[in-house]
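Visitor: Below is the structure I would like to discuss, written out as structure tokens.
There are 2 protein chains.
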Amino acid sequence: QVCRWSTNHLDSNTDTIHFFCNYEESRGNYLVDVDGNRMLDVYTQISSIPIGYNHPALMKVMTNPNNVSAFVNRPALGILPPENFPDKLIESLLSIAPSGMTRVQTMACGSCSNENAFKTMFIWYRNKERGYANPSEQEVGTCMINQSPGCPDLSILSFMGAFHGRTLGCLATTHSKVIHKLDIPSFDWPIAPFPKLQYPLEEFVRENAQEEARCLEEVEDLIVKWRQKGKPVAGIVIEPIQAEGGDNHASPDFFIKLRNIARKHGCAFHVDEVQTGGGTTGKFWAHEHWGLDDPADVVSFSKKLLTGGYYHRDELQPDKPYRIFNTWMGDPSKNLFLSEVLNVIRRENLLEEVTRSGKALLQGLYALQTQYPHILSRARGQGTFCAIDACNDATRDSIMIKARNKGLFMGSCGEKTIRFRPTLVFKEYHVHQLLNILNDVLAEHK
Amino acid sequence: QVCRWSTNHLDSNTDTIHFFCNYEESRGNYLVDVDGNRMLDVYTQISSIPIGYNHPALMKVMTNPNNVSAFVNRPALGILPPENFPDKLIESLLSIAPSGMTRVQTMACGSCSNENAFKTMFIWYRNKERGYANPSEQEVGTCMINQSPGCPDLSILSFMGAFHGRTLGCLATTHSKVIHKLDIPSFDWPIAPFPKLQYPLEEFVRENAQEEARCLEEVEDLIVKWRQKGKPVAGIVIEPIQAEGGDNHASPDFFIKLRNIARKHGCAFHVDEVQTGGGTTGKFWAHEHWGLDDPADVVSFSKKLLTGGYYHRDELQPDKPYRIFNTWMGDPSKNLFLSEVLNVIRRENLLEEVTRSGKALLQGLYALQTQYPHILSRARGQGTFCAIDACNDATRDSIMIKARNKGLFMGSCGEKTIRFRPTLVFKEYHVHQLLNILNDVLAEHK
């Protein structure tokens, strides 16, 4: 049933294809494949479908004649924005700006968002270093030939298990899988350990606090060490929940202390919400769960937001035009869809739904791991952003295939983790359907 | 009349904004601003509008109910492509594949295209180096922490004046403007001189051949030097015409010899057609003008193609799935538009039109520089991909503003160059309109 790309005219990663889809027939939480099989989809195009397939509110965007021009005439937003673009930004992205974030820059995808967020932090850091003076002649001369001081030896501190994208700058901060990294030149940037917590978090408070303290100590050591090496840390980048790396959580206390370390050492603090953002944790931004006194410096997004981009504080505004720039700088047609998504989220109180469904999902996963302790462990999650580990990767893969044959399509992450990334319109009855199928699969599992 | 972003809610590069546009009212080659001013647009959103504003063929894509799903449900193309995606690729991107290019990988934008093209070349090069064996334990271990040999010290050779994008990998091969490069960490990769030719090319054949020979010699020297440094050149990347860097041309002979040097030293040869591709030089790909015996290894594109991506030879196919991968891997809705653009190009013989209009434009520019030799020089071009230099940047900028006030919107590049990047539906009568306005501006110029 799983059809594969057979023609060798076509590129490349054909082995990555799970199956071909009939998107016309897909609805809400249900993805339909080319053979007409209908599956409850809790992977949602790698967590990028916010309110389900073919949502009527999004279909209406397409049939509204006022919108046609935004699709047909993609502008160079940085120089020739459409008349209504500032208003559209205010009613869409700026209406959901995380606390302290006064500015937003759209980009086409998650990688470009993080690449440009890194650049914004480098520019900010160097401007501080030279006291906001004009660059020296030596800087101007050397930058054109990739040499310091014009292209300075600055670094971004990231965490083992992190995923921030796969373009060369992003990839230097990504440490989740060998296949992402092998053979690609990189930067000598510091990599801190991410806490390895024990679940459920409530039962291991003391052990987890110790583990987090160990990691934070290492962060400070690395910042000092890299400064001494002549490669100062301009920014720290972190996901609120490491997704691709295996759904690894840390406590609000960990992130608050990390933010304080960043401030203490003059590093920017960049929260990568590409996968966690958009409501799936029960708040629009996962880092709202931390209760930060002092906001982040940069928050990047993509996926469920449909457009990429990043917010930042006033202070990180580049000092000159064209420092952050490319041809398209995003895509206004994606903003049109986002506005509708936000309307639906508000109108239907979807963040509350997510919290309710998430609670039911996590309770159900706890019950399953109690029932099948030889197969499942470490159920964890926030909102519907949930995960559970299998005893090994072969078992995980087998569970996923059997579930798919019973009409449940899930994703994987880390070494042996199943990740749940349903839409925001994933209700409690979908949770029960999911748990029933999973229970059937586990009951049959030898 | 030029309205500027005044609210400081909004990011960032507000000083880059030329004016706000009314895209609904714009048609064909004419861009309309918010005040109703109608301009002949020969900059076309930084060369990214293929067949003009609001082309009826593209409007029809929007009103065809069969297409709605492709807009509303953006898939994770790498794992869950739509049913018709292979056919759509064959009728669109593969129907225009450059000679020797059997595979295509779509991406969301030009920078991502080049980033992933570079990665494809690195993977290919390292696989050759290790004899297509599995990576060593040491490689697997070191790659996760950004260290060699897992993240090898490979390089990409680029040219002074080049522009290949502004994400960190691309930016290491971009050397056109300080504002692009300053304060951003980079790689120690070799940079060769790009020929500085004298125009018109026909009149300086011997001098230009000498200059090109000098640059090619330097390329070989750099390849040897970087190999000795332990940072072998995995690939050479070059634009057929350096656009952002000032519309710098080189002869077919230069590129053929460069291709031979790449092969001789085992480097991949990557032609960046992000700005030159799509028909504007009179052939669909600018490098078709060279008459290469042995095709390029990689050809990247974006802008007028509406989707980003790159073609490559079979041999550069990554050895494992997921080596080149991201969430969206392009956007099928952009492919729908591209198919229509290609239909229009074929039906209306637009490449012939471009050749005809281009000839008239270049002749007209020659005439203007003869008439105003104290102001203009170095008229050059291929198809409608034309440029002319002003005597200095202030004069260039003043001419551009005056022309805009008379209804002609042009772009700049390099230090003092005006670049012409009209659509493919730019006819001879548009050329005459352009030349008339330019002549008026020059006649008034003090």
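Residue numbers (this note's numbering), protein chains in the order written: chain A, 1 to 446; chain B, 1001 to 1446. The beta carbon of each residue, even a glycine, is placed where N, CA and C say it ideally should be.
Which chain B residues are close to valine 140/A, counting only those with a beta carbon under 8 Å from its beta carbon?
Guide: Val1178, Leu1182
Visitor: Can you pull the chain B neighbours of threonine 327/A, defined as C-beta to C-beta under 7 Å?
Guide: Result: Ile1046, Ser1048, Gly1110, Lys1303.
Visitor: Starting from threonine 1106/B, follow the beta strand (DSSP E) in both directions and report where the run begins and ends.
Guide: Unbroken beta strand (DSSP E) run through threonine 1106/B: 1103 to 1107.
Visitor: Quick one: does histidine 1009/B have its CB under 9 Å from some CB of chain A?
Guide: Caution applies to histidine 1009/B, whose pLDDT of 35 falls short of 50 and renders its modelled position unreliable; the model cannot decide the point.
Visitor: By alpha-carbon positions, which one of Ser1377/B, Ala1394/B, Thr1395/B ends up nearest to alanine 1387/B?
Guide: Ser1377/B
Visitor: Please report the residue range of the alpha helix (DSSP H) in which cysteine 170/A lies.
Guide: Taken as a continuous stretch (DSSP letters only), the alpha helix (DSSP H) holding cysteine 170/A covers 168 to 171.
Visitor: So what does arginine 419/A bridge to, in DSSP terms?
Guide: Paired residue(s): Ala387/A, Gly411/A.
Visitor: How about leucine 1157/B and valine 1237/B: do their beta carbons lie closer than 9 Å?
Guide: yes
Visitor: Based on Cα-Cα distance, which residue from Leu1408/B, Thr1417/B, Thr1384/B lies nearest to alanine 1394/B?
Guide: Thr1417/B
Visitor: How far does the beta strand (DSSP E) with isoleucine 1401/B in it extend, from its first residue to its last?
Guide: For isoleucine 1401/B, no beta strand (DSSP E) run applies; the uninterrupted alpha helix (DSSP H) run containing it begins and ends at 1393 to 1405, by DSSP.
Visitor: Listing by chain order, which chain B residues have their CB less than 8 Å from the CB of cysteine 21/A?
Guide: Neighbours of cysteine 21/A on chain B, chain order: Pro1075, Leu1080, Pro1081, Pro1082, Glu1083.
Visitor: Under 7 Å Cβ-Cβ, which residues of chain A neighbour methionine 1144/B?
Guide: His175, Val178, Lys181
Visitor: Starting from phenylalanine 269/A, follow its DSSP beta bridges and name the residues at the other end.
Guide: Ile236/A
Visitor: Quick check on aspartate 15/A: buried or exposed, where buried means 16 or more other Cβ atoms within 10 Å of its Cβ?
Guide: Aspartate 15/A should be labelled exposed.
Visitor: How close, in whole Å, do the beta carbons of tyrosine 322/A and isoleucine 1179/B come, if the pair is a contact with beta carbons under 8 Å?
Guide: Confirmed, Cβ separation roughly 5 Å.
Visitor: Who pairs with leucine 157/A in a beta bridge, going by DSSP?
Guide: In the DSSP assignment, the residues bridged to leucine 157/A are Ile236/A.
Visitor: Please confirm whether glutamate 1273/B has its beta-carbon closer than 9 Å to some beta-carbon of chain A.
Guide: no
Visitor: Name the two residues that bound the continuous alpha helix (DSSP H) containing arginine 1449/B.
Guide: Nothing about residue 1449/B can be read from this structure; chain B reaches only from 1001 to 1446.
Visitor: Let me see if you follow: with CB-CB separation under 9 Å, is valine 1237/B close to chain A or not?
Guide: It does not: the Cβ of valine 1237/B has no partner Cβ on chain A nearer than 9 Å.
Visitor: Rounding to the nearest angstrom, what Cα-Cα distance links phenylalanine 194/A and glutamate 25/A in this structure?
Guide: 42 Å
Visitor: My understanding is that glutamine 1275/B touches alanine 1243/B, with C-beta atoms under 8 Å, so please give their C-beta distance in whole angstroms.
Guide: Indeed, because the Cβ distance is near 4 Å, the residues count as touching under 8 Å.
Visitor: By DSSP's criteria, alanine 1192/B is part of a beta bridge. Which residues make up the other side?
Guide: Phe1159/B
Visitor: Give a yes or no on whether 9 Å exceeds the smallest Cβ distance from serine 1186/B to chain A.
Guide: yes
Visitor: Give the straight-line distance between the Cα atoms of cysteine 3/A and asparagine 1084/B, rounded to the nearest whole angstrom.
Guide: For cysteine 3/A, the predicted structure reports a pLDDT of 26, less than 50, and the residue's modelled location is therefore unreliable. A value from the coordinates is still provided. Between the C-alpha atoms of cysteine 3/A and asparagine 1084/B there is a straight-line separation of about 13 Å.
Visitor: Thinking C-beta only, is alanine 1076/B closer than 9 Å to isoleucine 46/A?
Guide: yes
Visitor: Report yes if the C-beta distance between leucine 365/A and glycine 381/A is below 9 Å; otherwise report no.
Guide: Contact flag set, yes.
Visitor: So, helix, strand or coil for histidine 55/A, using DSSP?
Guide: Histidine 55/A: coil per DSSP, three-state reduction.
Visitor: Checking the sheet assignment: what are the DSSP bridge partners for valine 1299/B?
Guide: Val1271/B, Tyr1311/B
Visitor: Quick one: is serine 1136/B buried, meaning 16 or more other Cβ sit within 10 Å of its Cβ, or exposed?
Guide: exposed
Visitor: If the cut is a Cβ gap below 7 Å, which residues of chain B does tryptophan 189/A touch?
Guide: Asn1146
Visitor: I'd like to know if the region 1034 to 1050 of chain B and the region 63 to 82 of chain A are in contact, where contact means that at least 3 CB-CB pairs between them fall below 8 Å.
Guide: Enough Cβ pairs lie closer than 8 Å, so yes.
Visitor: Which residue or residues does DSSP assign as beta-bridge partners of serine 377/A?
Guide: Asp389/A
Visitor: Checking contacts by CB at 9 Å: is glycine 1150/B closer than that to chain A?
Guide: yes
Visitor: Give the straight-line distance between the Cα atoms of cysteine 215/A and aspartate 1314/B, rounded to the nearest whole angstrom.
Guide: 45 Å
Visitor: Can you tell me the Cβ-Cβ gap for valine 441/A and isoleucine 399/A, rounded? I've got them flagged as a contact below 8 Å.
Guide: At roughly 6 Å, the Cβ-Cβ gap stays under 8 Å, so valine 441/A and isoleucine 399/A are in contact.
Visitor: Find the residues of chain A that neighbour phenylalanine 1122/B, judging by a C-beta separation of less than 9 Å, and give them in chain order.
Guide: Asp183, Ile184, Pro185
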